[in-house]
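Participant:
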Amino acid sequence: DRLKAVLREIQEAEGEIILFIDELHTVVGAGAAEGAVDASNLLKPALARGELHCVGATTLDEYRKHIEKDPALERRFQPVFVQEPSVEDTISILRGLKERYETHHGVRITDDAIIAAATLSDRYISDRFLPDKAIDLVDEAASRLRMEIDSMPTEIDEATRQLTRLQIEAAALAKETSPESKARLEELQREIAQREEEVNQLKARWQAEKELLSRLQPLKERIEQLKTEYEHAFNRARQTNLNDDYIRAHQAEQELRTAEQELKELEERFAATASEGERMIREEVTAEDIAKVVSAWTGIPVSRLLQGEREKLLQMEDRIHERLIDQEEAVTAIANAVRRARSGLQDRNRPIGSFIFLGPTGVGKTELCKALAEFLFDDERAMVRIDMSEFMEQHSVARLIGAPPGYVGYEEGGRLTEVTHLVEAPTALRGDF
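Convert by adding 1 to the 1-based position in the sequence shown; the result is the number in my numbering.
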């Protein structure tokens, strides 16, 4: 009944409403119990008559599994395959969403942060897709900064702790009667007075900056609301072509311009606090903030995320030779393979390289693997060692890739598949044959 009421309202709107159904496959068979008509059969007549404009979203697998099995429903939709956007497209999407997240969190998101979110998520987060993962990076970085703004600055916290320690020491010395204790107590009292003045000055600065920042947040929200009101009023005026509607649109525009001017003045006052000294409250999300979130997600150190890729790759042989002597041919072959992959000349869906190190014990095969893992992932332990002498039997391959369907241990996975799935940073593999 609720769905029928929705359809009636859409039909009465005479094409002014576009229905969007997320997870479209769920309407197939929904509500079909004891002979009742399911949701998809309610949509078909309205779609066929052109009374309903509908956009549905689903995955390719669910489309094949549910929608294709209902030809009558399938032919009433035009399939549009949506590919994952490129890094450049993701940057454009993030720039369009930036103001909404700035208004929601009450912070400013720099363009460097947007570019870093798109590039770092594309490079280091492989189990999710753009633009979703880049948007989540920006959202989490902005929320972290918001929490930092609402918390007491580290500078004030450290000064307060030092003051508390001095006060505890002074309280203990007040009970002493020796001349040395009294002299130390007088010295402490002077230092406590000085520290209290410093803490009060820091707190006054913090409160002043926080007050300015707290005035920015509702003003930005008001501007977003005025923009929406102006767009609605202007669109209505264009449709009706009435003088009263144009007057309302002009009034909304004037209110918007006034609010934007007020916001500009507040931002200038907040920026002026930086010229008086270092600000205690940081209100900009930077590329470093994005890198910290990526580091928390993947376990890759921030220093590696922010280091220039070109300079690092050019010095790859020298970095490896800092811990490995000789083996020039092997190091050069590996370095060239890594540079090809990083420069985009190699298929990104294939491994960076597959190498067999041949030689007697003690020439540096294992050490080269460790040096490579340290260079690529900043951790020589980012490597899975597989002793192939343990997999000589034909059936032992299940220990690597997991048991096939229907066998015991199918859901547990294998040693290789589970490690590569769980390790957040990319993994170098090594096998002893």
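Built from N, CA and C at the ideal position, the CB exists for glycine as well. Being a predicted model, the structure only gives us computed values, none of them experimental.
Measuring straight from C-alpha to C-alpha, what distance separates residue 54 and residue 104?
Facilitator: Distance between the alpha carbons of residue 54 and residue 104: 32 Å.
Participant: Just to confirm the assignment: which complete alpha helix (DSSP H) runs, minimum length 4, are found wholly within the segment 313 to 373?
Facilitator: Look at the segment 313 to 373 and you find these whole runs of alpha helix (DSSP H), each 4 residues long or longer: 317 to 322, 329 to 343.
Participant: Quick one, which of 268, 230, 261, 404 has its alpha-carbon nearest residue 251's?
Facilitator: Nearest C-alpha to residue 251: 230.
Participant: Among residues of its own chain, excluding the 5 on either side of residue 353, which ones have a beta-carbon nearer than 7 Å to its beta-carbon?
Facilitator: 338, 339, 342
Participant: Mind checking whether residue 290 and residue 142 have CB atoms under 8 Å apart?
Facilitator: yes
Participant: Can you tell me whether residue 384 is helix, strand or coil according to DSSP?
Facilitator: strand
Participant: So, helix, strand or coil for residue 21, using DSSP?
Facilitator: strand
Participant: What does the Cβ neighbour count give for residue 384, buried or exposed, with the cut at 16 atoms within 10 Å?
Facilitator: buried
Participant: Does residue 363 pass the burial test, meaning 16 or more other C-beta atoms within 10 Å, or should it be called exposed?
Facilitator: So residue 363 counts as exposed.
Participant: Expressed to the nearest angstrom, what Euclidean distance is found between the alpha-carbon atoms of residue 178 and residue 216?
Facilitator: 54 Å
Participant: Rounded to the nearest angstrom, how far is the Cβ of residue 189 from that of residue 171, given a contact under 8 Å?
Facilitator: Residue 171 and residue 189 do touch by the CB rule: their CB atoms are close to 5 Å apart, below 8 Å.
Participant: Can you give me the Cβ contacts of residue 98 inside the same chain, cut-off strictly under 7 Å, excluding the 5 residues immediately before and after it?
Facilitator: 136
Participant: Does DSSP put residue 110 in a helix, in a strand, or in coil?
Facilitator: Strand, per DSSP.
Participant: Could you give the residue range of the beta strand (DSSP E) that holds residue 56?
Facilitator: 54 to 58
Participant: What's the gap between the Cα of residue 112 and the Cα of residue 95?
Facilitator: For residue 112 and residue 95, the distance between alpha carbons rounds to 9 Å.
Participant: From 140, 11, 57, 10, pick the residue whose C-alpha is nearest to that of residue 22; which is it?
Facilitator: Taking only the C-alpha atoms, the option nearest residue 22 is 57.
Participant: For the alpha helix (DSSP H) containing residue 150, list its first residue and its last residue.
Facilitator: Residue range 133 to 151 is occupied by the alpha helix (DSSP H) that includes residue 150.
Participant: Check the DSSP bridge columns for residue 286 and list the partner residues they point to.
Facilitator: 110
Participant: Assess, as a yes-or-no matter, whether the segment 318 to 335 is touched by the segment 366 to 374 under the definition of 3 or more beta carbon pairs within less than 8 Å.
Facilitator: Yes, since at least three Cβ pairs between the segment 366 to 374 and the segment 318 to 335 fall closer than 8 Å, the two stretches touch.
Participant: Can you name, in chain order, every residue of its own chain whose Cβ lies under 6 Å from the Cβ of residue 122, other than the five neighbours on each side?
Facilitator: Cβ within range, chain order: 134, 135, 138.
Participant: From residue 241 to residue 233, what distance separates their C-alpha atoms?
Facilitator: 12 Å
Participant: Would you mind giving the Cβ-Cβ distance between residue 146 and residue 286, rounded to the nearest angstrom? I have them listed as a contact below 8 Å.
Facilitator: 6 Å
Participant: Beta-carbon separation of residue 67 and residue 108 under 8 Å?
Facilitator: no
Participant: Assign residue 81 to one of two classes, buried (16 or more other C-beta atoms within 10 Å of its C-beta) or exposed (fewer than that).
Facilitator: exposed
Participant: Between residue 63 and residue 12, which are expected to be in contact by the criterion C-beta below 8 Å, what is the C-beta distance as a whole number of angstroms?
Facilitator: Contact flag wrong, Cβ pair sits at about 28 Å.
Participant: DSSP state of residue 1, grouped into three classes?
Facilitator: The structure shown does not extend to residue 1, since the chain spans only 2 to 434, so no value can be given for it.
Participant: Smallest Cα separation from residue 301: which of 195, 258, 124?
Facilitator: 124
Participant: Between residue 265 and residue 258, what straight-line distance do the alpha-carbon atoms span, to the nearest angstrom?
Facilitator: 11 Å
Participant: Could you tell me the boundaries of the alpha helix (DSSP H) in which residue 169 lies?
Facilitator: 155 to 174
Participant: Assuming residue 196 contacts residue 167 (C-beta within less than 8 Å), just tell me the rounded distance between them.
Facilitator: 6 Å
Participant: CB-CB under 8 Å to residue 163, same chain, minus the five flanking residues each way: which ones, in chain order?
Facilitator: Taken in chain order, the residues that qualify are 196.
Participant: Quick check: what's the CA-CA separation for residue 208 versus residue 144?
Facilitator: 20 Å
Participant: Can you tell me where the alpha helix (DSSP H) with residue 404 in it begins and where it stops?
Facilitator: First-last for residue 404: undefined, no H or E at that position.
Participant: Is residue 173 near residue 224, with beta carbons less than 8 Å apart?
Facilitator: no
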